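The block underneath contains the structure these notes are about, expressed in structure tokens.
Protein chains: 2
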Amino acid sequence: MKIYFAGSIRGGRNDAETYSKIINHLKKYGQVLTEHVGSKELTDSGEPIPDEDVYTRDMALLKGADVLVAEVSTPSLGVGYEIAKAEEWGKSILCLYKKLENGKKLSTIMEGNKDLIVKEYVNLDEAFQYIDDFFS
Amino acid sequence: MKIYFAGSIRGGRNDAETYSKIINHLKKYGQVLTEHVGSKELTDSGEPIPDEDVYTRDMALLKGADVLVAEVSTPSLGVGYEIAKAEEWGKSILCLYKKLENGKKLSTIMEGNKDLIVKEYVNLDEAFQYIDDFFS
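If you're matching them up, the sequences are chains A and B in order. Per our numbering, the first sequence starts with residue 1, numbered consecutively. Per our numbering, the second sequence starts with residue 137, numbered consecutively.
In structure tokens form, the structure reads like this:
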């Protein structure tokens, strides 16, 4: 099982530790193709290689993946783009987000798209449970 | 000419006034299908109709549009998603963003995708010039 994990990079790294823990849990189910997304060393400057190379690499990885798991608590253009691409390419998709603060709501485009599995979690154990359900 | 304008809603409304001014400029070139995105009344709660209805309406509007113009300064899952859908459906796409503060960089997925026209502007006159070039 090849798993593409998507999380915010230049949109902000507030949830990087969460990404790392989710990636560790995903490894129970297969190979995570984008483990660097959870790295503490990765800042919101992005990777030290040309953007075009990152785009080309990421699209090839996503195309070759079996599933997309996206953590969508931090708004991100790239993650939104990857979700649509994964849909276009017929991948199974799981979107997870932490209960947002101050009554904020998740993107209408995510919540309103009934082809996506979108789950709100209050703690990581709950997120892991949604992942277990997704792969079962 | 049918123009789909995309900007952040639940991702944050900091740029709502900019959206409104860009939409006004776009009207020189055709019908803007999503004029509400620039409305002062629209908050980050979104529209007072079910998310599923918004998603279905917006996807139909985007599919029927000739071009997508996206203001991408504020990271947004929905805008990223719409850019990928517009690409899938063969639309011409123009992405505009204000020179970001604190050395922040635009999404790698946007900058690295050479099929998109992505332009950074320092003031609205420059943004309008990019729009004029796009439609000329």
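Just so you know, even glycine gets a beta-carbon here, dropped at the ideal spot from N, CA and C. Note that the coordinates shown come from a computational prediction; the quantities given were computed from them, not determined experimentally.
Report the neighbours of residue i on chain A: residues whose CB is nearer than 9 Å to its CB, in chain order.
i       : result
G143(B) : Within chain A, no residue comes near G143(B); the closest Cβ sits about 12 Å away, beyond 9 Å.
For residue i, which residues does DSSP report across the bridge?
i       : result
K119(A) : L96(A)
V79(A)  : Partner(s): none; V79(A) has no beta bridge.
S54(A)  : First, the amino acid is wrong: residue 54(A) is Val here, not Ser. Answer is none; V54(A) lacks a bridge partner.
Q167(B) : K138(B)
By DSSP, does residue i sit in helix, in strand, or in coil?
i       : result
I3(A)   : strand
L204(B) : strand
T43(A)  : coil
I185(B) : coil
D15(A)  : coil
N238(B) : helix
I22(A)  : helix
G38(A)  : helix
K199(B) : helix
T74(A)  : coil
K221(B) : helix
I9(A)   : coil
Can you give the beta carbon distance from residue i to residue j, rounded, assuming they're within the 8 Å contact cut?
i       : j       : result
Y257(B) : L230(B) : That belief does not hold up - the Cβ atoms of Y257(B) and L230(B) are roughly 11 Å apart, past 8 Å.
P211(B) : P75(A)  : 5 Å
Y277(B) : Y81(A)  : It is not possible to answer for residue 277(B), since the shown part of chain B is limited to 137 through 272.
K105(A) : R146(B) : 5 Å
I3(A)   : Y19(A)  : That pair is no contact at about 13 Å.
I22(A)  : A127(A) : 6 Å
E207(B) : D151(B) : 6 Å
L85(A)  : A220(B) : The question names Leu, but residue 85(A) in the sequence shown is Lys. Indeed they touch by this definition, with Cβ atoms about 5 Å apart.
G182(B) : I109(A) : Going by Cβ atoms, the distance from G182(B) to I109(A) rounds to 10 Å, so no, they are not a contact pair.
Along chain B, in chain order, which residues have C-beta atoms closer than 9 Å to that of residue i?
i      : result
R13(A) : Near R13(A) there are no residues of chain B at all, since even the closest Cβ is about 12 Å away, more than 9 Å.
### Query
Looking at chain B, which residues of the region 105-127 of chain A have a Cβ within less than 8 Å of any of its Cβ atoms?
Cβ contacts with chain B come from K105, L106, S107, T108, I109, M110, E111, G112, N113, K114.
#### Entry: Under 9 Å (Cβ pairs) to chain B, residues found in the region 31-51 of chain A
Listed by position, the residues of the region 31-51 of chain A near chain B (Cβ gap below 9 Å) are D44, S45, G46, E47, P50, D51.
### Task
For the region 212-230 of chain B, enumerate the residues whose C-beta is nearer than 8 Å to any C-beta of chain A, in chain order.
Here the close residues are S212, L213, G214, V215, G216, Y217, E218, I219, A220, K221, E224.
### Query
Which of the residues in the region 191-213 of chain B, read from start to end, lie with their CB under 8 Å from any CB of chain A?
Answer in chain order: Y191, T192, D194, V208, T210, P211, S212, L213.
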